[in-house]
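Participant: Following this message is one structure expressed as structure tokens.
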Amino acid sequence: MPSGSYDPDAVEPAWQDRWVETDTYAYESVDDPDLSFSIDTPPPTVSGDLHWGHVYGATLQDFVARFQRMANGEVFFPFGYDDNGIASERLTEDELGIEHSNFERREFQRKCREVCAEYEADFTEKMQALGVSIDWSHTYQTIEPRVQRISQRSFIDLYEQGREYRRRAPTIWCPDCATAISQVETEDDERGSHFHDIEFDVVDSDEAFTISTTRPELLPACVSVFVHPDDDENEHLVGEEARIPLFGQEVPIIEDERVDMETGSGVVMCCTFGDQTDIEWYQAHDLPLRIAIDETGTMTEQAGDYQGMDSDEAREAIVADLDETGALLDKRAITHSVNVHERCDTPVEFLVTEQWYVEILDKKEEYLQAGREMDWYPEKMFTRYKHWIEGLEWDWCISRQRSSGIPFPVWYCESCDEAVVADRADLPVDPLSDEPPVDACPECGHDEFEPEDDVFDTWATSSLTPLINAGWAEGDDDPASDAMARPELYPMDMRPQGHDIISFWLFHTVVKCYEHTGEPPFESVMINGMVLDENRKKMSKSVGNIVAPDEVLEKYPVDAARYWAAGSSVGDDLPYKEKGIVSGERLLQKLWNASKLVDELAPADEVPDEQPDLAALDEWLLARLDEEAARAAEHLESRAFSKYRDSLRSFFWHTFCDDYLEIAKGRIRETDDPGARYTLRTAHERFLKLFAPVLSHVTEELWHDMYVDADSVGATSEDATAADGGATVNSIHRTDWPEPLGLDADIEGGERALEVVSALRKYKSERDLALNTELDHVEVYGDVADYVDDIARAMHVETLDLLDEAPEVETVVTGIDLDYSVVGPEFGGDVPDIEAAIESGEYVLEGEGDDATLIAGEHELTADMFDVEEERRYDGKGDLLETDGAVVIVG
-17 MPSGSYDPDA VEPAWQDRWV ETDTYAYESV DDPDLSFSID TPPPTVSGDL
33 HWGHVYGATL QDFVARFQRM ANGEVFFPFG YDDNGIASER LTEDELGIEH
83 SNFERREFQR KCREVCAEYE ADFTEKMQAL GVSIDWSHTY QTIEPRVQRI
133 SQRSFIDLYE QGREYRRRAP TIWCPDCATA ISQVETEDDE RGSHFHDIEF
183 DVVDSDEAFT ISTTRPELLP ACVSVFVHPD DDENEHLVGE EARIPLFGQE
233 VPIIEDERVD METGSGVVMC CTFGDQTDIE WYQAHDLPLR IAIDETGTMT
283 EQAGDYQGMD SDEAREAIVA DLDETGALLD KRAITHSVNV HERCDTPVEF
333 LVTEQWYVEI LDKKEEYLQA GREMDWYPEK MFTRYKHWIE GLEWDWCISR
383 QRSSGIPFPV WYCESCDEAV VADRADLPVD PLSDEPPVDA CPECGHDEFE
433 PEDDVFDTWA TSSLTPLINA GWAEGDDDPA SDAMARPELY PMDMRPQGHD
483 IISFWLFHTV VKCYEHTGEP PFESVMINGM VLDENRKKMS KSVGNIVAPD
533 EVLEKYPVDA ARYWAAGSSV GDDLPYKEKG IVSGERLLQK LWNASKLVDE
583 LAPADEVPDE QPDLAALDEW LLARLDEEAA RAAEHLESRA FSKYRDSLRS
633 FFWHTFCDDY LEIAKGRIRE TDDPGARYTL RTAHERFLKL FAPVLSHVTE
683 ELWHDMYVDA DSVGATSEDA TAADGGATVN SIHRTDWPEP LGLDADIEGG
733 ERALEVVSAL RKYKSERDLA LNTELDHVEV YGDVADYVDD IARAMHVETL
783 DLLDEAPEVE TVVTGIDLDY SVVGPEFGGD VPDIEAAIES GEYVLEGEGD
833 DATLIAGEHE LTADMFDVEE ERRYDGKGDL LETDGAVVIV G
């Protein structure tokens, strides 16, 4: 039996080790998809330590996994690491003090894998220490050969479908990372800057006009000036040419409705390229191309005397020269939104480069419909997905100019630039070291090829996780086959993730998987929020408000942290509050102590195998527990974790421990009641199962201690084994969710009986009486006839009588409170007359609730102007106690 105080320091790591050693959560393939539940777990980026986002997200996923395993059967709960791309590349460079550009790609990728392997091993250990029921036999890395093959296979399939193309065109570019990026990798950041009013001359005229810009360093890239068609003040400029100050090129002045007339002077310059609008103008008006800033953010020869400067340095020099020549009319500080790369916060540039794209703009409505076909928890998160798709302006750029990543399986003919893709049977390949699949170009017959040296965007691979998990194109030996090795897993039942990557991971997964399979990749989506500090502020190193999970878990049990994590509404941000973890710790101790008492009062060998005759209160408790089990399942199915947690805790703590357990204790000790023993043990076993998804360690320990014929793992460090020699089948997490017992109980009568018990307990507490103080005589009006003995025994009542008629209780008005914020403006100087009438009792109350009126003297007040103070008055003998369903008189 459980003994002493609960020791999570011994119990939790022992069970964590045992679960891994015995493959407790290993997935067994099934033929029927309805008998399995698959979770498309997010592979964390290998770039640092465990943080609250990992802990919180993984714990919510685990609640679902543990419940589904008990309720529905097999659960596929894998784990992956996203260890290709810029994040792992920068981690390697920082760890080893090297630059990727100084190494041949395969050599640098080898170094990346070595560094990432160390972080992954540490991360795995920490995830296992959270007690998350991951199947560790199903793990993957996004850089491993199997995943590389799937990723390259995806590229080839989409290329052959005509969904991918290579084009030299304006591209979003990060100068710091020296690579193209996609629209989803940019974000707006408010930054300080300056508006510069610059004078432009009209060619062959004495006239001049003003353009306001935050980027004077783009003057050498200016190719036109634009005026809005409705701009009466400047419309005369249209058709003329403008001369660019300092640089001298002459550019046309054109009208276009995209000009923002409210910004600056209403006349704007178009540079190639400053923003998305510049690109639109360049394409719509067939403008020339002038590149003044290169891939590293350095000024080109187009910048003349400023060539070789970085863009910030050039801006200062150009502004100084404009000022010296008199062309700078004004300079004023502003704050404005700057488009930056979300990984490094570097302002992006728009450069013309050759990149690979997935075509998505033509199928925005199809991707929206795919999202509509999925269940969203919470529903409001679909709006974010919808808004992202509706705001798309670019096809998806999937090529990156980096070393850490999966290579494009492509070579180009040196003569005609025809693209040659790898054979599926040869995948994975690296064109920098592998030969193309043909000896001569199929287009022109040339026999020399140039390998593609770009790599895939990391999201181009992580967007395939449902297919990676289902074993896409691995179902048979035919390299051209799309057969899945585990077809029952697809579509995945649930995609869990943070709301911050809906536009990254979720959308791109829909795109890729929809194009490959023709259907959405998941049945449902569960979106979790972020963990904030106690003041609901984002945790940040610079602010100094980070609370490290490792430090918290050294101080508190893992189950206590899991209890805290269950306290949010899914999708909402959760503030870190230590008191929430402390509450969880108290519940663990309460469950442990109650279990000890249950085992003492109802040891397994003294509980009848068959259900004996049960008292009305026994039937009521088990029937109520049926309701609680159904409610818990409903909450977990709908991802309402806080409702599940709080309802179950309240019923266990107050109804079972405070009320029933005390009543059953008296019955067992006084009459050796088998019905009470049976009910205690049955209810306790079901409570353990209901708590198991959240309190995974303590319930496992108690389950083995009280319901498995073996020593407890946590308490004795011995293996808990069943007759068949394995611990896995004995885990509470492999048992079935409680089925209803179906007892026909008087639910309302039991509720009333416990209301009476609670009222008498409060009565004693308010009078500083011990709970075992005898009460000579209690009378009850209410239908509790079947529970009289239980009430009397629990509250030590010598005589308890039931009343046939309700006692005469009068509701007496004890005062009228005026709302002066309403009464004052309405009645002004007559307010003292109203107060005097109330004071003297010369008033009349009519109606009830919102229809109530107060007539005081000559004035009539409506319900919003006053509150009535009342008390219930009993003139008989004894003290009156009232509950929702009963009246109690203590003699």
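Residue numbers (the numbering used here): -17 to 873. By construction, the Cβ of each residue, glycine as well, lies at the ideal position given by its N, Cα and C atoms.
Inspect the beta-carbon positions of F177 and V184 and report whether they are closer than 9 Å.
Facilitator: No. Outside cutoff.
Participant: Please identify the residue among R354, I380, R382 whose C-alpha is closest to the C-alpha of H369.
Facilitator: The option with the nearest alpha carbon to H369 is R354.
Participant: What number of angstroms, rounded off, separates the C-alpha of R477 from the C-alpha of E107?
Facilitator: Answer to the nearest angstrom: the Cα atoms are 23 Å apart.
Participant: Where DSSP assigns a beta bridge to F191, which residues make up the other side?
Facilitator: According to DSSP, which records beta bridges pairwise, F191 is partnered with F182.
Participant: Spell out the partners DSSP gives P234 in its beta bridges.
Facilitator: P234 is bridged to E223.
Participant: Write down the C-beta distance between Y660 and V589 rounded to the nearest angstrom, noting that I regard them as a contact closer than 8 Å.
Facilitator: 6 Å between Cβ atoms; contact.
Participant: Pick out whichever of K746, E748, H759, E737 has its Cα sitting closest to the Cα of D765.
Facilitator: Out of K746, E748, H759, E737, E737 has the C-alpha closest to the C-alpha of D765.
Participant: Decide if the stretch 215 to 231 is in contact with the stretch 255 to 269; the criterion is three or more beta carbon pairs, one per stretch, under 8 Å apart.
Facilitator: With a cut-off of 8 Å, the stretch 255 to 269 and the stretch 215 to 231 do not count as touching, because too few Cβ pairs lie within range.
Participant: With distances taken between CB atoms, is the gap from E167 to R325 smaller than 9 Å?
Facilitator: For E167 and R325, yes; Cβs fall inside 9 Å.
Participant: Here's the rule: buried if 16 or more other CB atoms are within 10 angstroms of the residue's CB, otherwise exposed. What is Q91?
Facilitator: Per the 10 Å Cβ criterion, buried.
Participant: Can you name the start and end residues of the alpha helix (DSSP H) that F431 belongs to?
Facilitator: Element bounds for F431: not the alpha helix (DSSP H) but the beta strand (DSSP E), 431 to 433.
Participant: Let's test the definition: count the other Cβ atoms within 10 Å of the Cβ of K93 and tell me whether it reaches 16, buried, or not, exposed.
Facilitator: K93 is buried by the Cβ-count criterion.
Participant: Which value, in whole angstroms, describes the spacing of the CA atoms of A442 and P502?
Facilitator: Going from the Cα of A442 to the Cα of P502 covers about 17 Å.
Participant: Tell me the residue span of the alpha helix (DSSP H) that contains M887.
Facilitator: Within the shown structure, residues of the chain are numbered from -17 to 873, placing residue 887 beyond reach of any answer.
Participant: How would you write the range of the beta strand (DSSP E) that E852 sits in, first residue to last?
Facilitator: Unbroken beta strand (DSSP E) run through E852: 848 to 856.
Participant: Could I get the ranges of all uninterrupted alpha helix (DSSP H) runs contained in the stretch 444 to 477, with 4 residues as the minimum, in chain order?
Facilitator: As far as the stretch 444 to 477 is concerned, its whole alpha helix (DSSP H) runs of at least 4 residues are 447 to 452.
Participant: Who does F61 pair with in a DSSP beta bridge?
Facilitator: Bridge partners of F61: T121.
Participant: Can you give the Cα-Cα distance for G286 and L228, rounded to whole angstroms?
Facilitator: If I take the Cα positions, the gap works out to 10 Å.
Participant: Which value, in whole angstroms, describes the spacing of the CA atoms of D179 and I235?
Facilitator: The alpha-carbon atoms of D179 and I235 are separated by roughly 18 Å.
Participant: Is DSSP giving A442 helix, strand or coil here?
Facilitator: Helix at A442.
Participant: Could you give the distance in angstroms between the alpha-carbon of I116 and the alpha-carbon of D327?
Facilitator: Roughly 34 Å separates the two Cα atoms.
Participant: Which same chain residues, not among the five before or five after V97, have their C-beta less than 8 Å away from its C-beta?
Facilitator: Contacts found: S70, L73, T74, E77, L78.
Participant: Which residue wins for smallest C-alpha separation from M363, given the options G511, A584, D303?
Facilitator: M363 has its Cα closest to that of G511, out of G511, A584, D303.
Participant: Here's a check: name, in chain order, each residue in its chain whose Cβ is nearer than 7 Å to the Cβ of D44, leaving out the five neighbours to either side.
Facilitator: Hits under 7 Å: V114, S115.
Participant: Could you give the first and the last residue of the continuous alpha helix (DSSP H) run that contains K346?
Facilitator: 346 to 354 is the span of the alpha helix (DSSP H), which, as asked, contains K346.
Participant: Buried or exposed: H490, going by 16 or more other Cβ atoms within 10 Å of its Cβ?
Facilitator: Result: buried.
Participant: Taking the alpha carbon of A111 as the reference point, which residue from A752, I154, Y349, D(-9) has its own alpha carbon closest?
Facilitator: Out of A752, I154, Y349, D(-9), D(-9) has the C-alpha closest to the C-alpha of A111.
Participant: Are the Cβ atoms of M52 and H666 separated by less than 9 Å?
Facilitator: Against a cut-off of 9 Å, the Cβ pair of H666 and M52 comes out as no contact.
Participant: Distance check for L607 and R877, CA to CA, integer angstroms please.
Facilitator: The structure shown does not extend to residue 877, since the chain is modelled only from -17 to 873, so the question has no answer here.
Participant: Does DSSP put K559 in a helix, in a strand, or in coil?
Facilitator: It is coil, neither helix nor strand.
Participant: Determine the DSSP secondary structure at S164, reduced to helix, strand or coil.
Facilitator: Three-state DSSP puts S164 in coil, outside helix and strand.
Participant: If you drop the 5 nearest sequence neighbours on each side, which residues of the same chain put their C-beta closer than 8 Å to that of I816?
Facilitator: Excluding positions up to five away in sequence, the list reads L800, V805, F809, A838, G839, H841, L843.
Participant: Cα separation between V872 and V525?
Facilitator: Cα to Cα, V872 sits roughly 59 Å from V525.
Participant: Could you say which of H686, K744, G657 lies nearest to T717 if we only look at CA atoms?
Facilitator: Ranking the options by Cα distance to T717, first place goes to H686.
Participant: If contacts are defined as beta-carbon pairs under 8 Å, then V340 and I371 qualify, I think. What distance do you get, rounded to the angstrom?
Facilitator: No, V340 and I371 are not in contact; Cβ-Cβ is about 14 Å, not under 8 Å.
Participant: Quick check on N517: buried or exposed, where buried means 16 or more other Cβ atoms within 10 Å of its Cβ?
Facilitator: Answer is exposed; the Cβ neighbour count stays below 16.
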